[in-house]
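Counting along the sequence shown from 1, when you hit position 25 you're at 25 in UniProt numbering, and nothing is skipped either side. In this text, a Cβ means the ideal position worked out from N, Cα and C, and glycines have one as well. Take a look at the structure below.
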Amino acid sequence: MAAQIVSGFELAKEKRAQLAKEVEKLKQAGIEPTLSVILVGDHPASQSYVKAKQKACEEIGIRSILLTFPADICESFLLEQIARLNEDRSVHGILVQLPLPKQIDELHVIETIAPEKDVDGFHPLNIGRMMTGQRTFLPCTPYGILYMVQSLQVDIAGKHVVVVGRSNIVGKPVGQLFLREHATVTYCHSRTNDLAAITSQADILIVAVGKPKLITSQHVKEGAIVIDVGVNRLENGKLCGDVDFDDVKEVASYITPVPKGVGPMTITMLLNNTIQAAREQHQ
Ligand code: GUN
Numbered sequence: 001m002a003a004q005i006v007s008g009f010e011l012a013k014e015k016r017a018q019l020a021k022e023v024e025k026l027k028q029a030g031i032e033p034t035l036s037v038i039l040v041g042d043h044p045a046s047q048s049y050v051k052a053k054q055k056a057c058e059e060i061g062i063r064s065i066l067l068t069f070p071a072d073i074c075e076s077f078l079l080e081q082i083a084r085l086n087e088d089r090s091v092h093g094i095l096v097q098l099p100l101p102k103q104i105d106e107l108h109v110i111e112t113i114a115p116e117k118d119v120d121g122f123h124p125l126n127i128g129r130m131m132t133g134q135r136t137f138l139p140c141t142p143y144g145i146l147y148m149v150q151s152l153q154v155d156i157a158g159k160h161v162v163v164v165g166r167s168n169i170v171g172k173p174v175g176q177l178f179l180r181e182h183a184t185v186t187y188c189h190s191r192t193n194d195l196a197a198i199t200s201q202a203d204i205l206i207v208a209v210g211k212p213k214l215i216t217s218q219h220v221k222e223g224a225i226v227i228d229v230g231v232n233r234l235e236n237g238k239l240c241g242d243v244d245f246d247d248v249k250e251v252a253s254y255i256t257p258v259p260k261g262v263g264p265m266t267i268t269m270l271l272n273n274t275i276q277a278a279r280e281q282h283q
């Protein structure tokens, strides 16, 4: 039987309606949740991600302020801009869109963002809090994935979660989030020997590597839940994930599509984190 498609788009719509009500309540209390987004350079994918984030903010009543800078700015200039936003009490969340140009050290930039305004959840202090189970901002894509899997009403405890990919933004933290939910977690990456032998043991398979259609039905156990984080642009202009959707949907129990899968959930969790930041900064 073909897998059920998990629509991040529909789930995001429901969650955003709930978040819009929270924004309204904050506004009634005189607080206008505000996100400051920094975009450096003219990377086309980054431009479209930033546009989508701003549109989503606007739709639920969050104020968003976009600061754009040319690709050749120096690191110290960018760090000064962040320091200024850290001090600005009307700004609750700061997001620097990645990747950054080569001359700028991303870790310096992330470490400069005040942890209480780090709505991406990328600051090492917030990553440490996540890993030790403390209250913090959860990184948006991993948080969105966890939310999607929880919406399926499956018991995550004891399940074998296999993560393919080990980026700081998705792979590493998503494994940690599922570990917190008592899953058994295995990481695979570009140096893994016999990928299919490991991925085919997964009850929940999460793929975030940026390689179009890397995962086929040969890699997937019958009845597995498959979460595809990849967003790859094909030569014909179409988007495709890291999972061969048409092939894998014949063996999986649930599968996320690309587009309208994980992407809308990432943005929804950014909205969630910005509201959390506004609330906590006014407590
Ligand atoms: N680049 C790709 N994904 C992300 C993200 O979630 N946040 C930021 N800041 N940059 C990204």
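DSSP places residue 227 in no alpha helix (DSSP H) but in the uninterrupted beta strand (DSSP E) bounded by 225 to 228. Contact fails between the segment 14 to 28 and the segment 37 to 50, because fewer than three Cβ pairs, one in each stretch, are under 8 Å apart. With a beta-carbon spacing of about 13 Å, residue 65 and residue 82 fall beyond the 8 Å limit used to define contacts. A distance of 8 Å or more separates the beta carbons of residue 226 and residue 195. For residue 140, the CB contacts under 6 Å within the same chain, skipping 5 residues up- and downstream, are 266, 269, 270 in chain order. Across the structure, residue 109 and residue 167 are spaced so that their CA atoms are roughly 17 Å apart.
With distances taken between CA atoms, residue 146 lies nearest to 8 out of 8, 126, 32, 4. Taking C-beta atoms as the reference points, residue 200 and residue 182 fail to come closer than 8 Å. Taking every protein chain shown into account, the CB of residue 21 has fewer than 16 other CB atoms within 10 angstroms, so this residue is exposed. Counted as a single uninterrupted DSSP element, the stretch harbouring residue 73 is not any beta strand (DSSP E), since DSSP gives it neither H nor E. Taking C-alpha positions only, residue 107 is separated from residue 6 by approximately 34 Å. Between the alpha carbons of residue 34 and residue 278 lies a distance of about 7 Å.
In the three-state reduction of the DSSP assignment, residue 63 falls in the strand class. 8 Å or more divides the Cβ of residue 56 from the Cβ of residue 253. Within 10 angstroms of the beta-carbon of residue 148 lie 16 or more other beta-carbons, which makes it buried. The beta strand (DSSP E) runs of length 3 or more contained entirely in the segment 168 to 225 are, from start to end of the chain, 184 to 188, 204 to 207. Scanning 187, 119, 36, 262 for the CA closest to the CA of residue 58 turns up 36. Distances from the CA of residue 179 to each of 215, 132, 208, 164 were compared; the closest alpha carbon is that of 132. Each residue's CA atom was taken as its position, placing residue 275 and residue 91 some 11 Å apart. A Cβ-Cβ distance of about 43 Å is found for the pair residue 251 and residue 280, leaving them out of contact under the 8 Å criterion. The Cβ atoms of residue 241 and residue 228 lie closer than 8 Å to each other. Annotated as distal: residue 68 and residue 100, with beta-carbon spacing of 8 Å or more.
For residue 26 and residue 272, the gap between their C-alpha atoms comes out near 13 Å. Between the ligand GUN and the CB of residue 141, the shortest heavy atom gap is smaller than 7 Å. Residue state for residue 276 is assigned as helix, using DSSP reduced to three classes.
In this structure residue 162 touches residue 188 by the C-beta definition: roughly 6 Å separates them, less than 8 Å. Annotation: residue 133 is outside any beta strand (DSSP E) and is labelled neither H nor E by DSSP. Residues 135, 136 of the same chain have their beta carbon placed closer than 8 Å to that of residue 129, with the five preceding and five following residues left out of the count.
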